[in-house]
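Reviewing the structure listed below.
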Ligand code: PLP
Ligand code: COI
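Residue numbers (the numbering used here): 532 to 886.
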């Protein structure tokens, strides 16, 4: 039976899988909730989104996603506070970035109301799935791909926008040791690096596997020109603390403009920390590690939240970072998660209640 909530048609699942889930031992993004939002683009327009039971999708073998990789996604989270109230974090930023990615991949722009109303209705419906254990949340994956068919190398004329959700624990299970990449590139000038395009991640898997074989959990990408400046990691932007200054690379068309990154910068400034958004050379990093002025490095992203980096490898050498008691990383992580989980005042207006 279908019901309508805020213009979104909802077909409810006959049974729930929620009792099969071990909420005390959640990994990241590997079990999915009972429902998903689906919205089709056909005949030149996005049709009304609807919520249906979570289910496989049938696609024609000639669907262009398979051949030409027209696929983009977003990553966001829903949080539940102690009173059971539900919040999203800066969801409009994700919507805007999805359409920025869509533009670059020649995917039609999605109307804001379809994203926001659909998201709202889905999270309301799935609110029992939002874990409350420390560090857990409901990871939300909005994505769009080319379902339209044809071997002709041109944009598809049909697309699917889906939002699926996965109750999740931490993204990283232990310490994050990174390798500074000297050979491969994630993105190039004029390319799609700034878009959240599926192919950006596929292209990282092989170099990341090579790094993993050497004992590193992530690669730090460097500029494609000379591998001279650090850019970002596989699933997060990177921050470096030299003495008491916190710095991160400026965004450009090779780097994803992370929502966590800009929030962390605002919080750090609010804490009175000196911040610099500027190019950081590998040379500077190595020198700072050698002379002891490199105090911390951490990654920031929706999935990774704030993940301290324990050390980095470069040119066959490993550089260990000290373990600080009062690290910027732990303070910033506390401040951002306190806002996300409604444990602190939201002076920036980032929380979005789902009521
Ligand atoms: N960089 C890359 C390549 C990512 O995949 C992500 C994750 O979304 C980020 C940075 C961090 O972005 P955000 O903070 O918006 O999640
Ligand atoms: C996110 O942080 O939401 C991401 O998209 C990272 C993802 C590749 C797991």
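Glycine included, each C-beta is placed from N, C-alpha and C at the ideal position.
To the nearest whole angstrom, what separates the beta carbons of residue 764 and residue 751, a pair I think is in contact under 8 Å? 5 Å
Under the rule that 16 or more other beta-carbon atoms within 10 Å means buried, what is residue 891, buried or exposed? In the structure as shown, the chain begins at 532 and stops at 886. Residue 891 is therefore absent and cannot be evaluated.
Who are residue 749's beta bridge partners in DSSP? Residue 749 is bridged to 709.
Between the region 863–882 and the region 789–801, do three or more beta carbon pairs fall short of 8 Å? yes
Between 580, 575, 584, which has its C-alpha nearest residue 547's C-alpha? Out of 580, 575, 584, 584 has the C-alpha closest to the C-alpha of residue 547.
Report the CB separation of residue 885 from residue 609 in whole angstroms; it is logged as a contact under 8 Å. Right, the Cβ-Cβ distance comes to about 7 Å (below 8 Å), so this counts as a contact.
Enumerate in chain order the residues of its own chain whose CB-to-CB distance from residue 660 is below 7 Å, with the five nearest sequence positions on each side excluded. If the five residues before and after residue 660 are omitted, its C-beta is found closer than 7 Å to the C-beta atoms of 549, 564, 669, 696, 698, all from its own chain and listed in chain order.
Report yes if the CB atom of residue 596 is closer than 9 Å to the CB atom of residue 692, and no otherwise. no
Is the beta carbon of residue 708 less than 9 Å from the beta carbon of residue 843? Going by beta carbons, residue 708 and residue 843 fall inside the 9 Å limit.
Count the CB pairs spanning the region 600–617 and the region 724–736 that are closer than 8 Å, and state whether there are at least three. yes
Extent of the continuous alpha helix (DSSP H) to which residue 868 belongs: 859–871
Is the beta carbon of residue 882 sitting closer than 9 Å to the one on residue 618? Result yes, Cβ atoms of residue 882 and residue 618 sit closer than 9 Å.
Straight-line Cα distance separating residue 845 from residue 766: 20 Å
Go ahead and pull the three-state DSSP assignment for residue 510. No information on residue 510 is available, as it lies outside the stretch 532 to 886 that the chain covers here.
Contact between the region 712–721 and the region 565–578 (3+ Cβ pairs under 8 Å): no
Going along the chain, which residues of its own chain have a beta-carbon closer than 7 Å to the beta-carbon of residue 643, five neighbours each way excluded? 626
Does the region 645–662 touch the region 536–544, meaning 3 or more C-beta pairs lie closer than 8 Å? yes
Figure out for me which residue from 872, 879, 686 has the closest Cα to the Cα of residue 906. Any answer about residue 906 is impossible in this case: the structure gives the chain only from 532 up to 886.
Residue 841 - containing beta strand (DSSP E), residue span: 836–845
Beta bridge counterpart(s) of residue 563 as assigned by DSSP: According to DSSP, which records beta bridges pairwise, residue 563 is partnered with nothing at all.
Please say whether residue 835 and residue 702 have beta carbons closer to each other than 9 Å? yes
Just curious, the alpha helix (DSSP H) that residue 798 is in, first and last residue? From DSSP, the alpha helix (DSSP H) with residue 798 extends over 790–801.
Using the C-alpha atoms, what's the distance from residue 725 back to residue 853? One C-alpha to the other measures close to 32 Å.
beta-carbon residue 792 near the ligand PLP non-hydrogen atom, thresh 8 Å: At least one heavy atom of the ligand PLP lies closer than 8 Å to the C-beta of residue 792.
Residue 644 by DSSP, collapsed to three states: which one? helix
Please report the distance separating the alpha-carbon of residue 754 from that of residue 735. 14 Å
Cβ of residue 712 within 8 Å of any heavy atom in the ligand PLP? no
Counting along the chain, where does the beta strand (DSSP E) carrying residue 741 start and finish? Here residue 741 belongs to no beta strand (DSSP E); instead the alpha helix (DSSP H) covers 729–744.
For the ligand PLP, any of its heavy atoms closer than 8 Å to the Cβ of residue 628? yes
What does a CB cutoff of less than 8 Å around residue 887 pick up in its chain, not counting 5 residues either side in sequence? Examination of residue 887 is not possible in this model, given that the chain is present from 532 through 886 alone.
Assign residue 571 to one of three DSSP states: helix, strand, or coil. strand
Taking C-alpha atoms, which residue in 839, 684, 812 lies nearest to residue 756? 812
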